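For the sequence shown, our numbering assigns the number 256 to the initial residue and increments by one for each residue that follows.
Working notes, structure below.
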Amino acid sequence: RDFRGDTVHPTTLRLLDELGLWAKFSALPHSRLVQGTFDVAPGHKVTMVDFGRLRQPHPYIAMVPQWDLLNLLAEAGTAEPTF
């Protein structure tokens, strides 16, 4: 598989939860990006995005290795009769 990124956005996290895959997903090694804050001058930071304000069950971007997510989805797919 070719690498294409590792961000999983809040709406996708909600979908994983709705599909019953949250427990397996949350067990994967990952980090959470809740805010995008940048230094714009010495001692001065600006928050450009705050995912914590979203009305989502998982208000953040998950940073997870793509191959781990793809393996989880492929494994879950084997339980489906049309996969």
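We treat Cβ as the ideally placed atom computed from N, Cα and C, and that holds for glycine.
Computed from a predicted structure; not experimentally measured.
Cβ shell of V295 (< 8 Å), same chain only, five flanking positions each side left out: Close CB contacts of V295 within its chain, under the 8 Å cut and outside five residues either way in sequence, are with V301 (chain order).
Spatially closest choice to V319 from P312, G275, S286, A278, by CA coordinates: Ranking P312, G275, S286, A278 by Cα distance to V319 puts S286 first.
Own chain partners of H313 with C-beta closer than 8 Å, once the 5 adjacent residues on each side are dropped: Take H313, set aside five residues on each side of it, and the residues of its chain with a beta-carbon closer than 8 Å to its own are P265, L268, R269, D272, in chain order.
Within 9 Å, strictly: CB atoms of G307 and Q290: Cβ atoms of G307 and Q290: closer than 9 Å.
Burial state of V304, where buried means 16 or more other Cβ atoms lie within 10 Å: Classification of V304: exposed, given that the 10 Å Cβ count is below 16.
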